[in-house]
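Peer 1: Residue 1 is where the sequence shown starts when you use this note's numbering, and the numbers rise one by one after that.
Quick reminder that beta carbons are idealized off the backbone N, C-alpha and C, glycines included.
Being a predicted model, the structure only gives us computed values, none of them experimental.
Supplied in structure tokens, the structure appears directly below.
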Amino acid sequence: MDYERIVLSIIEYIEENLFDKNLYKEVLKRVYISKFHFHRIFLALTNETIGDYIRKRRFTVIGKRLKITEDKIIDIALDAGYQSHESFTRAFKKYFACSPNEYRNHVVENDLLMLAPFTENKLELIRIHENFKPEIIYYKSLELKGFYGTTSLYNLSIEKYWDMLHEYCHKNKIVPSGEYMYMIWLSSNCDVRTIDPYVLESFYIGGVFGEEAHEMKPIEIGNQLYAVFSLHSKFEYIKDLYRLIYFTWLKKSGWILDNNNIFEGYSKDFSLKKNTGHMKIFLPIKKQ
């Protein structure tokens, strides 16, 4: 049985009937296998429960409608199936961490909260199972040398920063040791729902260098428990991986973010342009 075809047909049905009152029940009626079995298949292929997928798609559409139309909030609420402005606002704030009015007038759309419909190509990411079964490791202290900078998530260009660092190393005949180079996100804001992709975020790029790298700035990472997610090629899915980490894996894993910096490790042959190498995302965690 072609389970992927079944799931994609259900996703198409969900899109055509997204705000129907009985959508969840109607979805299950259209599946000619056991409900329990279908739930497991849908979760395995999308890494989302059916209920979560519907909820995220609905709020994605609601959020875009608030931004691109002048429709009254109460009309949007009623069209989305809410009985009152108050119940809609409660649900909206739980998802977006702000009121509908604040979202419309002040908040910049956060890509991590926007879930596009799953397609056959999108399911390719989900099939890379190791991305969603991270290693849980204790990372010992590691001293790096490198440079500080700022970037917005909207204009993020990882390749540019690595080109700058590699050019500096080549010019000064400096060779890093170890398998990875690193990018550390220095922001202390842990609620990713409130990230403004246009605001400049501080970061640090560097590696393990000897005394010859005296012009580089030192920084220390480690002494922390991390969930480590790997991505081999398919780098166009980096944002999707972060979305799944924050809004799916963290909610179901029994772990929460610890108060430390998230950082990324890049193999020395890493290249977005050539789609070579691999990267790791180090998420500082602790038990709930």
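Going by C-alpha to C-alpha distance, which of V7, E26, Y180 sits closest to G265?
Peer 2: Residue 265 sits at position 265 when you count from the first residue of the sequence shown. When each option's Cα is compared against that of G265, the closest is Y180.
Peer 1: How about R243 and F96: are their beta carbons less than 8 Å apart?
Peer 2: Residue numbering aside, residue 243 sits at position 243 when the sequence shown is read from its first letter. Residue numbering aside, residue 96 sits at position 96 when the sequence shown is read from its first letter. Not a contact, by the Cβ cut-off of 8 Å.
Peer 1: Check whether the Cβ atoms of I256 and Q224 lie closer than 8 Å to each other.
Peer 2: Working through the sequence shown from its first residue, we reach residue 256 at position 256. Working through the sequence shown from its first residue, we reach residue 224 at position 224. No.
Peer 1: Please report how far the alpha carbon of D196 lies from the alpha carbon of T150, in whole angstroms.
Peer 2: Position 196 of the sequence shown, counted from the first residue, corresponds to residue 196. Position 150 of the sequence shown, counted from the first residue, corresponds to residue 150. Whole-angstrom Cα-Cα distance: 14 Å.
Peer 1: If you compare alpha carbons, which of H232, M183, I238 is closest to H278?
Peer 2: By 1-based counting over the sequence shown, the position of residue 278 is 278. The shortest C-alpha separation from H278 is found at H232.
Peer 1: To which residues of the same chain is E4 closer than 8 Å at the C-beta, ignoring the five residues directly before and after it?
Peer 2: Within the sequence shown, numbered from 1, the residue matching residue 4 stands at position 4. Counting only Cβ-Cβ distances below 8 Å, and skipping sequence neighbours, we find L45, E120, L123.
Peer 1: By the DSSP assignment, the beta strand (DSSP E) with S9 in it spans what residues?
Peer 2: As a position in the sequence shown, residue 9 is number 9, starting the count at 1. Counting along the chain, S9 falls outside any beta strand (DSSP E), though it belongs to the alpha helix (DSSP H) covering 3–16.
Peer 1: Considering only residues of the region 176–245, which uninterrupted alpha helix (DSSP H) runs meet the minimum length of 4 residues and lie entirely inside it, listed in chain order?
Peer 2: Listed in chain order, the complete alpha helix (DSSP H) runs (minimum 4 residues) inside the region 176–245 are 238–244.
Peer 1: Only counting the same chain, and skipping five residues up and downstream in sequence, which positions put a Cβ closer than 6 Å to that of N17?
Peer 2: Here residue 17 refers to the residue found at position 17 of the sequence shown. Within the same chain, N17 has close Cβ partners L23.
Peer 1: Does the region 108–116 come close enough to the region 74–81 that 3 or more CB-CB pairs lie under 8 Å?
Peer 2: These segments do not touch.
Peer 1: Do the region 28–43 and the region 83–100 meet, that is, are 3 or more Cβ pairs less than 8 Å apart?
Peer 2: Contact between the region 28–43 and the region 83–100 is absent, because fewer than three Cβ pairs lie under 8 Å.
Peer 1: Provide the residue(s) that pair with R148 in DSSP beta bridges, ordered along the chain.
Peer 2: Numbered from 1 along the sequence shown, position 148 holds the residue referred to as residue 148. A small correction: the amino acid at residue 148 is Tyr; Arg does not occupy that position in the sequence shown. Partner(s): Y204.
Peer 1: In or out: H129 buried (at least 16 other Cβ within 10 Å) or exposed?
Peer 2: As a position in the sequence shown, residue 129 is number 129, starting the count at 1. Any answer about H129 is weak, because its pLDDT of 48 lies below 50 and its placement is not dependable; what the coordinates show is given next. Under this definition H129 is an exposed residue.
Peer 1: May I ask you to report which of helix, strand or coil DSSP gives H129?
Peer 2: For the purposes of this step, residue 129 is taken as residue 129 along the sequence shown, with counting starting at 1. Any reading at H129 must be qualified, since the residue scores a pLDDT of 48, below 50, and its modelled position is unreliable; no value is offered.
Peer 1: I think E261 touches I184, with their Cβ atoms under 8 Å apart; what is that distance to the nearest whole Å?
Peer 2: Locating residue 261 in the sequence shown gives position 261, where the first residue counts as 1. Locating residue 184 in the sequence shown gives position 184, where the first residue counts as 1. A small fix is needed here, since residue 261 is Asn in this sequence, not Glu. 5 Å between Cβ atoms; contact.
Peer 1: Three-state secondary structure (DSSP) at G277?
Peer 2: If you number the sequence shown from 1, residue 277 lands on position 277. Residue state, collapsed to three classes: coil.
Peer 1: Per the contact definition of three or more C-beta pairs closer than 8 Å, is the region 237–252 in contact with the region 200–215?
Peer 2: Touching, no, given that fewer than three Cβ pairs across the two stretches are closer than 8 Å.
Peer 1: Taking the C-alpha atoms as reference points, what is the distance between S271 and E159?
Peer 2: Position 271 of the sequence shown, counted from the first residue, corresponds to residue 271. Position 159 of the sequence shown, counted from the first residue, corresponds to residue 159. Between S271 and E159, the C-alpha separation is close to 7 Å.
Peer 1: Excluding five sequence neighbours on each side, which residues of the same chain lie with their C-beta closer than 7 Å to the C-beta of P134?
Peer 2: Here residue 134 refers to the residue found at position 134 of the sequence shown. If we look at P134 and ignore the five residues flanking it on each side, its Cβ neighbours are A227, V228, F229.
Peer 1: Between which two residues does the alpha helix (DSSP H) holding S87 run?
Peer 2: Counting from one through the sequence shown, the residue named residue 87 turns up at place 87. Counting along the chain, the alpha helix (DSSP H) containing S87 begins and ends at 85–96.
Peer 1: Along the chain, where does the beta strand (DSSP E) that runs through F38 open and close?
Peer 2: Against the sequence shown, residue 38 aligns to sequence position 38. Taken as a continuous stretch (DSSP letters only), F38 belongs to no beta strand (DSSP E), being part of the alpha helix (DSSP H) at 35–46.
Peer 1: How many angstroms separate the CA atom of K56 from the CA atom of E70?
Peer 2: Numbered from its first residue, the sequence shown carries residue 56 at position 56. Numbered from its first residue, the sequence shown carries residue 70 at position 70. K56 and E70: Cα-Cα distance of roughly 22 Å.
Peer 1: With a CB to CB cut of under 8 Å and the five nearest residues on each side skipped, what residues in its chain are close to K274?
Peer 2: On the sequence shown, position 274 is the one that residue 274 refers to. No residues qualify anywhere along the chain.
Peer 1: Counting along the chain, where does the alpha helix (DSSP H) carrying S267 start and finish?
Peer 2: Here the question's residue 267 lines up with position 267 in the sequence shown. No alpha helix (DSSP H) holds S267; the beta strand (DSSP E) holding it covers 263–267.
Peer 1: Count the other CB atoms, across all protein chains shown, that sit within 10 Å of the CB of R40; report buried if there are 16 or more and exposed otherwise.
Peer 2: Counting from 1 along the sequence shown, the entry for residue 40 is found at position 40. Its Cβ having fewer than 16 others within 10 Å, R40 is exposed.
Peer 1: Can you grab the Cα-Cα spacing for the pair R58 / S187, in whole Å?
Peer 2: Reading the sequence shown from its first residue, position 58 is the one you call residue 58. Reading the sequence shown from its first residue, position 187 is the one you call residue 187. In a straight line, the C-alpha of R58 is about 30 Å away from that of S187.
Peer 1: Apart from the five residues just before and just after K21, which ones in its own chain have a Cβ nearer than 8 Å to its Cβ?
Peer 2: Counted from its first residue, the sequence shown places residue 21 at position 21. Counting only Cβ-Cβ distances below 8 Å, and skipping sequence neighbours, we find G81.
Peer 1: Suppose you measure from the CA of Y182 to the CA of K171; what does that come to, to the nearest Å?
Peer 2: By one-based count along the sequence shown, residue 182 stands at place 182. By one-based count along the sequence shown, residue 171 stands at place 171. When rounded, the distance between both Cα atoms is 20 Å.
Peer 1: List the whole-angstrom C-beta distance separating K310 from K217, where the pair is believed to meet the contact cut-off of C-beta under 8 Å.
Peer 2: The requested residue 310 does not occur in the structure, where the chain is confined to residues 1 to 288.
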